[in-house]
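Asks: Can you read through this structure? Questions will come right after.
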Amino acid sequence: MRGETEVLFHGVRGSAPTSGLAYAEFGGDTPAIEIRAPDARLFLDAGSGVRNAAAAARQGDIDLVLTHYHYDHLIGLPFFEPAWRQIGRLRVWAPVLEDRRPEDVLGAFFRAPYCPVGLSDFKMAAEILAFRPGDTLDVGGGVAVSTMLGAHPGGCAVLRMKTAAGDIVYASDIEAASAREAARLAMFARGADLLIIDSMNDDMTAPHRRGWGHSSWREAACVGAAAGARSIALFHHDPRADDDRLNRIDAEAQAFEPRAFLARQGSRAVLNSRGGGERRSLERRRATDDGDAANQVLSRRR
2 MRGETEVLFH GVRGSAPTSG LAYAEFGGDT PAIEIRAPDA RLFLDAGSGV RNAAAAARQG
62 DIDLVLTHYH YDHLIGLPFF EPAWRQIGRL RVWAPVLEDR RPEDVLGAFF RAPYCPVGLS
122 DFKMAAEILA FRPGDTLDVG GGVAVSTMLG AHPGGCAVLR MKTAAGDIVY ASDIEAASAR
182 EAARLAMFAR GADLLIIDSM NDDMTAPHRR GWGHSSWREA ACVGAAAGAR SIALFHHDPR
242 ADDDRLNRID AEAQAFEPRA FLARQGSRAV LNSRGGGERR SLERRRATDD GDAANQVLSR
302 RR
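Everything in the sequence shown is counted per this note's numbering, starting at 2 for the first residue and increasing by one.
Right, here's the structure in full:
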């Protein structure tokens, strides 16, 4: 449908991939988000979850925006099919962090004996474009991407995608423990239709992990509430947290802030713009939903 934008959660786990039946409901793949706008295909990060998008990403032009270079956000890049199929255009937007050139950082990643292909092989199929947090990225297709620097060891880009159907903010690895950082994030995410935000810690683990560059679900929900975000996807789950624990956190988070929910691998959010943009809605769907069936529909007048 024209004016509809889909957000697909291909990987929602943080730090390291996790497997086993105890983790099946929320999924074990590391960060990878896909945005399907009417005239643009955009991927955010290339964790192990990016492999789950292989079938859908075989055709057309694609932009991939990396937020930073920690393994959990990059490990899927050598397995990203558009880089090797040579069908359509692939642009990789890579941040300059701590004054390191993206090609130098990626060159160290695509290097023997750790990887069987080199950066030169990857660059034959992909154009690498450097940006600095604070820049606005021209990805085309009616989607504008603004960026800012988030609080994370080594730096991390926070992204805001403006589409015809609404605004999506992606704050994948951020520590919102301080009032100053929480206020910065809330200002950047103000009025977002969907905020995807790091919530790796809980009330018990957060005090012992200060300086790790991650937020608790409570801190993340507070940022979303302060921003006035319509929906808050809590993301980057602790690799040690099984489904039972995450379901408990999900219930606590929704009781604390009704707009918050824990993201699940394989789920999607659909943003709709109707009536010339005067009315917008957001639908959250599980991977098993059919057609227009939705678990939850949130809407407001604009």
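Beta carbons are placed, not taken as given, at the ideal position from N, Cα and C, and that holds for glycine.
These numbers come from a predicted model, not from an experiment.
1) Can you tell which of Ala221, Ala126, Lys124 and His71 has its C-alpha closest to the C-alpha of Ala180?
2) So the candidates are Leu150, Ser232, Thr6 and Val97; which of them puts its Cα closest to the Cα of Ala193?
3) Where does Glu279 sit, in a helix, a strand or coil, going by DSSP?
4) Checking 8 angstroms against the spacing of the C-beta atoms, do Ala127 and Val97 come in under that value?
5) In chain order, which continuous runs of the alpha helix (DSSP H) of length 4 or greater are located wholly inside the segment 107-138?
6) Answer yes if the segment 155-162 comes into contact with the segment 62-70, meaning at least three C-beta pairs across the two stretches below 8 angstroms, and no otherwise.
7) Using 8 angstroms as the threshold, is the segment 12-20 in touch with the segment 235-253, meaning 3 or more CB pairs across them?
8) Does DSSP put Leu263 in a helix, in a strand, or in coil?
9) Cβ atoms of Leu195 and Ala270: under 8 angstroms apart, would you say?
10) Kindly indicate the opening and closing residues of the beta strand (DSSP E) around Met188.
11) To which residues does DSSP link Ile197 through a beta bridge?
12) Over the uninterrupted alpha helix (DSSP H) stretch that includes Pro83, give me the two end residues.
Replies: Based on what the coordinates show:
1) Ala221
2) Ser232
3) With a pLDDT of 43 at Glu279, under the threshold of 50, the predicted position of this residue should be treated as unreliable, though the coordinate-derived value follows. In the displayed model, Glu279 falls within coil according to three-state DSSP, outside both helix and strand.
4) no
5) 120-124
6) yes
7) yes
8) Strand.
9) yes
10) Run containing Met188: none in the beta strand (DSSP E); it sits in the alpha helix (DSSP H), Ala180 to Phe189.
11) Tyr171 and Ala234
12) Membership of Pro83 in the alpha helix (DSSP H) is indicated by the continuous run Pro83 to Arg86.
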